[in-house]
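Worksheet: the structure to be examined is printed underneath.
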Amino acid sequence: MSSGATTARAADLDAKVRRDLRTLAKFITFYCERRHAGVEKQPARLRTIDVTSVCGRAVPLCAPCAKLLAHAFMKRLVCPLAPKPTCRQCPQHCYAPAYRAQIREVMRFTGPRLVLRGRLDYLVHLWL
Ligand SMILES: [Zn+2]
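Note that the numbering used here has the sequence shown beginning at 4, numbered continuously upward.
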């Protein structure tokens with residue numbers, strides 16, 4: 004399944020980056036499951052990252068959400084800021100505008116629902 008030496012698996016990534024990628028995948032999956040129920044989904048695949056390895060399981064998403072995930076993963080991987088500020092407070096706003104609107108929608112939908120379930124750990128530095 005690996006497309007070559009450039010595909011990063013979980014063990015290749017910094018623990019913080021890996022946690023952020025997992026959180027992003029969780030948010031987007033949660034959103035897609037509920038907002039795009041009934042839409043055909045496929046396990047997300049990226050050329051540069053082994054999503055299943057990084058997330059510990061397959062991440063089934065519809066096509067637009069898979070694109071968002073790819074964009075979000077890519078942006079997280081190339082984030083030059085260390086320590087990474089919260090996206091909300093970041094001066095750079097590196098997401099392309101369409102994806103930025105999409106991820107904000109995902110965060111707005113998913114964030115409060117995970118809080119209600121006591122999953123505060125998901126509201127990481129990533130966004131809030
Ligand atoms: Zn979706």
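Even glycine gets a Cβ: it sits at the ideal position worked out from N, Cα and C.
This structure is a prediction, so every number in the text was calculated from the model and none was measured.
Minimum C-alpha distance to residue i - residue among the options
i: residue 12; options: 90, 57, 100; result: 57
i: residue 75; options: 100, 37, 44, 114; result: 100
i: residue 51; options: 90, 81, 95; result: 81
i: residue 118; options: 10, 30, 22; result: 30
Alpha-carbon spacing of residue i relative to residue j, whole angstroms
i: residue 20; j: residue 35; result: 22 Å
i: residue 24; j: residue 108; result: 18 Å
i: residue 86; j: residue 41; result: 39 Å
i: residue 15; j: residue 104; result: 30 Å
i: residue 92; j: residue 79; result: 15 Å
i: residue 116; j: residue 90; result: 20 Å
Any non-hydrogen atom of ligand 2 closer than 7 Å to residue i Cβ
i: residue 64; result: Ligand 2 is not part of the structure shown, which contains ligand 1 as its ligands.
Residue i: first and last residue of the uninterrupted alpha helix (DSSP H) it sits in
i: residue 37; result: 18–38
i: residue 78; result: 66–81
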